[in-house]
Every structure is written in structure tokens, then in C-alpha cells.
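In the working numbering, the protein residues as written are 9 to 350.
Here is the structure:
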């Protein structure tokens with residue numbers, strides 16, 4: 009395996025949209041894309057695992073500023089490893105790079121990748137604030153490179169099925185959407201709180217499913233064990249009148265990831281983890297068979313498809329900006345103890 013001496017830190021034609029429900033059908037004839045991964049912690053290693061196994065790309069190299077970690081992951085998956093991102097990005101065969109570094113480094117590393125002429129997938133939150141997120145979107149647009157944010161739940165087969173049901177009005181008119189995302193504190197998270205790390209998934213999913221803007225946010229937040237907020241109860245008011253409720257915390261012993269859509273005609277229940285779904289009305293309850301698949305694999309192969317075929321990936325940088333905006337409004341509401349306009 010190849011290594012490079014570390015500096016001690018990271019240095020940082022028109023395309024057509026890839027329709028959300030068409031992407032999986034198209035993956036079969038995907039051209040192989042040269043890929044790299046920056047950040048090989050818990051989630052970065054998962055990306056390395058998936059990309060190394062994928063017939064859709066060639067994983068050319070990985071990078072982490074921690075030499076021992078880079079070496080460990082590189083050796084485990086038989087991938088050349090680096091400790092200096094500049095060295096990785098100078099490899100001409102690399103066309104696309106995924107970023108799974110701490111949130112406070114996303115803007116610096118993402119900018120570096122785009123300036124090197126590589127397409128970028130960056131984990132959520134895309135950056136720590138809206139200003140930095142806007143700058144990344146602008147840079148990607150000016151360079152003609154792909155920019156995608158890692159809202160992995162959009163690639164959960166259960167979520168796709170819920171979207172199909174809502175489009176078919178299977179629940180009637182949506183009245184309430186309720187998301188619960190709780191677990192013990194993930195030790196790897198140290199630079200954002202539960203809202204930007206965890207609740208942001210449900211914010212994005214509700215925006216995606218309801219296809220509507222969030223106009224008002226009310227949140228109650230607090231910190232029992234950590235420097236950032238470790239619990240949040242959030243109410244979202246959408247512009248067309250739907251109410252969203254989010255329960256997110258790092259205090260619960262058992263991981264729970266659920267979504268309930270309450271409509272005028274039926275209720276839809278989804279377990280994100282098992283990908284099991286039920287539809288219940290006053291007379292019957294049905295449990296459609298979906299078939300389990302790994303959202304991360306689907307997400308990364310979709311991103312590679314967008315690069316190989318010059319397609320605009322979704323969720324986009326603009327989706328990331330809006331999600332960060334709602335998170336910031338929730339944090340403001342929690343601090344002010346009042347509802348805030350988004």
C-alpha cells in the first residue's frame with residue numbers, strides 16, 4: 009500500500025436531471041468511475057467497504073490525516089492510502105470523491121476537491137453553516153462539477169415506497185408527519201449537536217415527501233450530557249398547512265428510526281431500519297413487501313451514475329442549504345424559547 013507523509017491536517021455542456029425513480033433501473037449499464045474517499049472514520053470506512061465491493065466504480069485511493077487509521081483501513085480493503093488529501097487529488101484517474109470528515113472540515117475539504125476538478129459527495133450536514141454551503145454550491149456550479157449531499161434516507165427503499173404511496177394519495181390528504189430518531193450518543197460525533205447530525209435527516213425527508221417549504225419552526229432543546237444539544241423536540245409548520253413533529257435525542261438506549269404519515273384516509277408507518285411498512289385505515293391494515301437493500305450502496309451507485317452520465321444528482325447542494333437553514337432556525341427557536349419564521 010502506498011503512503012505519503014502527513015502534514016497533520018487536511019489540505020484542503022448542460023446536464024440533465026437524473027429522475028429519482030429512474031436511477032436504480034439505469035444502474036445496470038453504469039460505466040466505472042474512478043473514486044476516492046477522504047475521511048476513514050466510522051462512516052468513511054463504510055463508504056470504503058461499499059465502493060470497494062461495487063462493480064460500478066474503481067476505488068483508487070483513500071485518505072485520512074490520521075496515519076494509523078488510513079493504514080488500517082487501506083490494508084483491510086487493499087486500497088492505496090494517503091495522509092495528505094493533495095496527493096490523493098492529484099491522481100488523474102479519480103473523477104469523484106466522497107467526504108466523511110468532521111463537519112467543521114467539510115467546507116475546506118469540499119472546496120479543495122472542487123478546485124482539483126473532482127465531483128463531490130459530502131456527508132450531511134454539507135457544511136456547518138448556510139454561508140459556507142452557498143459558497144460550495146456556487147463553486148460547483150461555476151466549475152460544472154457534480155455536488156451531492158449524503159442524505160442517505162432518500163435512498164431507503166421504504167422511503168421511496170412511502171413517496172409512491174403519497175403521490176398516489178393512498179393516505180388521502182396528509183395532515184401530520186411524525187419522525188422519531190433516537191439512540192445513544194455516537195462517540196464519533198463531536199462538532200455538531202443532535203439537530204444537525206440526526207434531526208436533519210427527518211427535516212430533509214419531510215421536505216422531500218411533502219414537496220413543500222417549511223415556514224415556521226418551534227423547538228425545545230437541551231443538553232444533559234454533552235457540550236452540544238443532545239435532545240430536541242421540533243415542530244415544523246409547512247406552507248400548505250401540514251404539521252411535522254420530530255423527536256431526536258442521544259439519550260435513548262435503543263436505536264429507533266421511524267416515520268408516521270397521518271392522512272385523512274389512512275396512516276402510513278415506516279421503520280427505517282427494518283424497511284418494513286404498513287398502511288392502516290379504519291377497516292384494514294396492509295403490509296406491502298418492499299425488499300431490503302442497503303441505502304448507502306444505492307446512494308453511492310446513484311452518485312457514480314450521475315458522474316458517468318453527466319446527470320444532476322439529487323439531493324443537491326440547494327437541498328443541503330435548505331436543511332441547514334431549518335436546523336439553524338430550530339437552534340434559534342430552542343435558544344429563544346419561541347416559534348421562529350424559517
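From the three backbone atoms N, C-alpha and C, an ideal C-beta is built for every residue, glycine too.
If you check the beta carbons only, do residue i and residue j fall under 9 Å apart?
i, j, result
"residue 326", "residue 229", "no"
"residue 195", "residue 104", "no"
"residue 162", "residue 307", "yes"
"residue 96", "residue 46", "yes"
"residue 185", "residue 335", "no"
"residue 303", "residue 156", "no"
"residue 169", "residue 298", "yes"
"residue 224", "residue 348", "yes"
"residue 182", "residue 218", "yes"
"residue 106", "residue 147", "no"
"residue 178", "residue 273", "yes"
"residue 277", "residue 190", "no"
"residue 128", "residue 144", "yes"
"residue 65", "residue 312", "yes"
"residue 323", "residue 205", "no"
"residue 255", "residue 265", "no"
"residue 81", "residue 67", "no"
"residue 39", "residue 316", "yes"
Around the Cβ of residue i, are there at least 16 other Cβ atoms within 10 angstroms (buried) or fewer (exposed)?
i, result
"residue 345", "exposed"
"residue 112", "exposed"
"residue 98", "exposed"
"residue 263", "exposed"
"residue 281", "exposed"
"residue 33", "Annotation note: pLDDT 42 at residue 33 (below 50); position unreliable, coordinate value reported separately. Its Cβ having fewer than 16 others within 10 Å, residue 33 is exposed."
"residue 30", "Interpretation of residue 30 is limited by its pLDDT of 45, a score under 50 that renders its predicted location unreliable; the figure taken from the coordinates is listed afterwards. It is exposed - the Cβ of residue 30 has fewer than 16 other Cβ atoms within 10 Å."
"residue 101", "exposed"
"residue 73", "buried"
"residue 248", "exposed"
"residue 154", "buried"
"residue 238", "buried"
"residue 269", "buried"
"residue 332", "buried"
"residue 319", "buried"
"residue 198", "exposed"
"residue 180", "exposed"
"residue 69", "buried"
Which residue wins for smallest C-alpha separation from residue i, given the options the options?
i, options, result
"residue 187", "276, 267 and 68", "267"
"residue 76", "138, 149, 59 and 91", "91"
"residue 314", "117, 181, 126 and 73", "126"
"residue 245", "78, 211, 231 and 43", "211"
"residue 173", "50, 294 and 235", "294"
"residue 55", "78, 118 and 108", "108"
"residue 284", "291, 275 and 300", "300"
"residue 139", "329, 164, 220 and 205", "329"
"residue 62", "134, 43 and 50", "43"
"residue 290", "240, 275 and 279", "275"
"residue 83", "48, 253, 234 and 93", "48"
"residue 260", "193, 149 and 248", "193"
"residue 340", "57, 89, 226 and 250", "226"
"residue 337", "203, 248 and 236", "203"
"residue 51", "265, 60, 131 and 78", "131"
"residue 124", "136, 110, 134 and 93", "93"
"residue 135", "151, 149 and 114", "114"
"residue 350", "221, 80, 270 and 89", "221"
"residue 250", "271, 231 and 235", "271"
"residue 58", "305, 288 and 286", "305"
"residue 164", "319, 234, 310 and 53", "310"
"residue 209", "253, 235 and 236", "253"
"residue 60", "171, 79 and 85", "85"
"residue 8", "53, 317, 316 and 287", "There is no way to answer for residue 8, as the model of the chain reaches only from 9 to 350."
"residue 89", "142, 53, 292 and 117", "53"
Starting from residue i, follow its DSSP beta bridges and name the residues at the other end.
i, result
"residue 268", "186 and 277"
"residue 293", "288"
"residue 41", "65"
"residue 349", "224"
"residue 192", "259"
Residue i CB to nearest chain D CB: under 9 Å?
i, result
"residue 201", "Among the chains in the structure shown there is no chain D, since it carries only a single protein chain."
Can you find a heavy atom of the ligand COA that lies under 8 Å from the Cβ of residue i?
i, result
"residue 49", "Absence of the ligand COA is noted for the structure shown, with no ligands found whatsoever."
>> To test your reading of the DSSP string, which unbroken beta strand (DSSP E) runs of 3 or more residues are found completely within the region 155-190?
In response: 155-158
> Taking only runs of the alpha helix (DSSP H) that begin and end inside the region 43-106, which ones reach a length of at least 4 residues, in chain order?
Replying inline: 50-61, 75-85 and 93-97
>> Extract the residue ranges of the beta strand (DSSP E) inside the region 204-257, only unbroken runs of 3 or more that lie entirely within it.
In response: 222-230, 239-246 and 251-257
> Where in the region 304-345 do unbroken runs of the alpha helix (DSSP H), each at least 4 residues long, occur, reported from the N-terminal end onward?
Replying inline: 325-344
> At which residue ranges does the region 117-162 contain complete beta strand (DSSP E) runs of 3 or more residues, listed in the order of the chain?
Replying inline: 127-131 and 155-158
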